[in-house]
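Written out below as structure tokens is the structure these notes cover.
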Amino acid sequence: MSKPVPMPYSETNDDLHNIRKPKPFHFGKFLYNSEEGTVMGRDRASWAKIGIFYIIFYGVLAALVAICMWAFFQTLDPRIPKWTLDSSIIGTNPGLGFRPLPPVDNVESTLIWYKGTQHENYKHWTDSLDEFLAVYKVPGLTPGRGQNIYNCDYNQPPPKGQVCDVDIKAWSPCTKENNYSYHKSSPCIFLKLNKIYDWLPEFYNSSQNLPGNMPENLKTYIGHVEKTEPHKLNTIWVSCEGENPADQENIGPVNYLPIRGFPGYFYPYQNSEGYLSPLVAVHFQRPKRGIIINVECKAWARNIGHDRKERIGSVHYELLID
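With my numbering applied, the sequence shown corresponds to residues -3 to 318, in that order.
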């Protein structure tokens, strides 16, 4: 007896009707499903657990960061840098800066230019010097400066905890009352040596063995100080001269106030409260008018090198008085 042959399967309309179709996705219902009481697919209990986890996680993380920062700051001194001199990025060769600076909209310029002798023409330059020198005139503008100011001298270095005074009031004609001599077409430029913590200058304190590239008039000046005021030889000397032969011819006589350099009793710089850097006022007495004069100023000590390209130990600027 032969076996019955199975009939081929065929889907009926009822079968197709019974197949479950996927529900359409509703973004609004995904955000909040009122029927199931879920938000973004999770109920309140689930969201509460997630919230508690992240609160604990970020709380622990913040505590670890705070502990690490606290431990790090315990290794630092607010006044003493961790890396100094050769170990620091600054190094041991201070730079030289000048004031006043050109307007901020021409920040890359080093040209000091004004016309005539009328106040509005040189107002920017004298106002800039007023602002720069304000901390030297009003002790309260410098944090910690006041009772600890000491009248230093070469034979009177500052006692511990005190800082040397920089009295600019008697530097005539480079004073505010005299418009820093800008109204006479003989401007004053102020020089400042950059601060390097714990750096000690090695002075040219003898007229013997001075460097060959030192200006002759500075060599003569050092020789004169050696004979008349030898106690002032511990000075970082300063020279300002024209960069090129034409500039040297046009620059005219130059005077330095109060002396021709930075007194040695201001060093080393140790970030004492109220410390202000010493200044040298350079008075150009009769510069030629109507022509740009390129000026290069240098600081001189045995451990100060000079590089015109890198502006190490020196500074460049131009004068133009119409």
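Each residue gets a CB set at the ideal place from its N, CA and C atoms; glycine is no exception.
Strand pairing of residue i, partner residues [DSSP]
{"i": "Asp303", "result": "Ile308"}
{"i": "Lys188", "result": "Gly93 and Leu275"}
{"i": "Pro259", "result": "Thr231"}
Whole-angstrom distance between residue j and residue i, CA atom to CA atom
{"i": "Ser181", "j": "Thr113", "result": "7 Å"}
{"i": "Tyr132", "j": "Pro169", "result": "17 Å"}
{"i": "Val291", "j": "Asn151", "result": "34 Å"}
{"i": "Ala58", "j": "Gln266", "result": "35 Å"}
{"i": "Trp195", "j": "Ile86", "result": "11 Å"}
{"i": "Cys184", "j": "His115", "result": "15 Å"}
{"i": "His312", "j": "Ala67", "result": "44 Å"}
{"i": "Glu314", "j": "Asn174", "result": "22 Å"}
{"i": "His120", "j": "Ile51", "result": "56 Å"}
{"i": "Asn190", "j": "Gly93", "result": "7 Å"}
{"i": "Gly309", "j": "Phe258", "result": "13 Å"}
{"i": "Glu272", "j": "Ile247", "result": "In the sequence as displayed, the identity of residue 272 is Leu instead of Glu. Approximately 30 Å between the Cα atoms of the pair."}
{"i": "Gln143", "j": "Leu72", "result": "27 Å"}
{"i": "Leu60", "j": "Ile48", "result": "18 Å"}
Buried or exposed (CB count within 10 angstroms, at least 16 for buried), residue i
{"i": "Phe280", "result": "buried"}
{"i": "Trp43", "result": "exposed"}
{"i": "Cys64", "result": "exposed"}
{"i": "Ile46", "result": "exposed"}
For residue i, the three-state DSSP class (helix, strand or coil)
{"i": "Phe128", "result": "helix"}
{"i": "Asp101", "result": "helix"}
{"i": "Arg40", "result": "helix"}
{"i": "Pro264", "result": "coil"}
{"i": "Tyr54", "result": "helix"}
{"i": "Tyr150", "result": "coil"}
Own chain residues within Cβ distance below 7 Å of residue i, not counting five before or after
{"i": "Tyr200", "result": "Leu206, Ile218, Trp233, Trp296, Ala297 and Arg298"}
{"i": "Arg307", "result": "Gly91"}
Same chain only: Cβ atoms within 6 Å of residue i, ignoring 5 sequence neighbours per side
{"i": "Ser105", "result": "Pro98"}
Cutoff 8 Å; reference residue i; Cβ partners in own chain excluding five residues on either side
{"i": "Gln244", "result": "Glu237 and Gly238"}
Residue-level contact to chain B via CB, residue i, 8 Å cutoff
{"i": "Phe262", "result": "The structure shown contains no chain B; it is built from a single protein chain."}
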